[in-house]
Amino acid sequence: FHVVLCERGAGVALVRAMLECANGLMPPGLVTDVSAALYAAWMAVGDGRMAEWLHGALGGDRDGFPRDSTTKEQKEDFIGLLLFLHADANGHGDLGPSRLGKTGEKHDLRRFKRCLKAFCGGKKSGSGQ
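Just so we're aligned, residue 25 is where the sequence shown starts under the numbering used here, counting upward by one.
#1: Nearest CA to the CA of Asp-85: which residue from Ala-75, Asp-57, Gln-98?
#2: Thinking C-beta only, is Cys-139 closer than 8 Å to Asn-47?
#3: Please list, in chain order, all residues of the same chain as Gly-33 whose beta carbon is under 8 Å from its beta carbon, the five residues on each side excluded.
#4: Could you tell me the distance, in whole angstroms, from the CA atom of Asp-132 to the CA atom of Phe-108?
#5: Rank Phe-136, Leu-49, Gly-53 by C-alpha distance to the C-alpha of Pro-90 and give the top, closest one.
#6: Given a cut-off of 8 Å on the beta-carbon distance, is the pair Met-42 and Ala-61 in contact?
#7: Which first and last residues belong to the alpha helix (DSSP H) in which Cys-45 is found?
#8: So Phe-136 is in the alpha helix (DSSP H); what residue range does that whole segment cover?
#9: Determine whether the Cβ of Gly-84 lies closer than 8 Å to any Cβ atom of chain C.
#10: Are Gly-35 and Trp-77 closer than 8 Å when you measure CB to CB?
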């Protein structure tokens with residue numbers, strides 16, 4: 025199953041679908057479930073593979089996801105924050121506690137969910153209902 029996801033692009037498609045759900049395709053209350061599913065996928069495949077899938081899923085510069093004005097640089101920043109790629113050997117981020125959350129720990133589902141919600145726009149009124 026892992027080979028199918030990696031070699032045929034299904035991982036990118038699944039991640040994109042989950043990001044679309046977090047961006048308002050599904051009811052706002054399901055963002056927690058979407059973030060838990062993405063987090064579980066990350067824990068299963070690791071930083072490198074998940075970063076590849078996120079790059080593919082997010083698309084290029086100003087392609088309309090998650091907003092028309094989102095740039096490639098903002099997407100790169102999101103991937104780094106979501107996967108905590110800017111951490112030192114002790115697991116402390118170099119982006120400051122205000123951007124990473126109070127725990128500052130890489131494998132913190134709450135931090136992961138906050139990053140996802142912030143990038144995808146959080147709750148939207150009337151979305152997915």
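Where is the CB? At the ideal position from N, CA and C, for every residue including glycine.
In short:
#1: In the sequence shown, residue 85 corresponds to position 61, counting from 1. For the residues Ala-75, Asp-57, Gln-98, the minimum Cα distance to Asp-85 belongs to Gln-98.
#2: Here the question's residue 47 lines up with position 23 in the sequence shown. Here the question's residue 139 lines up with position 115 in the sequence shown. It is not a contact, given that the beta carbons lie outside the stated cut-off.
#3: Start at 1 with the first residue of the sequence shown, and residue 33 comes out as number 9. Counting only Cβ-Cβ distances below 8 Å, and skipping sequence neighbours, we find Gly-80.
#4: As a first step, residue 132 must be located in the sequence shown, where it is residue number 108. As a first step, residue 108 must be located in the sequence shown, where it is residue number 84. If I take the Cα positions, the gap works out to 10 Å.
#5: Walking along the sequence shown from the start, residue 90 turns up at place 66. Residue Leu-49 is the option with its Cα nearest to Pro-90.
#6: Along the sequence shown, one-based indexing puts residue 42 at 18. Along the sequence shown, one-based indexing puts residue 61 at 37. Result yes, Cβ atoms of Met-42 and Ala-61 sit closer than 8 Å.
#7: On the sequence shown, residue 45 is found 21 positions in, with the first residue counted as 1. Neither: Cys-45 is in no alpha helix (DSSP H) and is coded neither H nor E.
#8: Here residue 136 is taken as the residue at index 112 of the sequence shown, counted from 1. Here the alpha helix (DSSP H) through Phe-136 covers 133 to 144.
#9: Reference to chain C is not applicable here, since this structure consists of a single protein chain.
#10: In the sequence shown, the residue the question calls residue 35 occupies position 11. In the sequence shown, the residue the question calls residue 77 occupies position 53. Yes.
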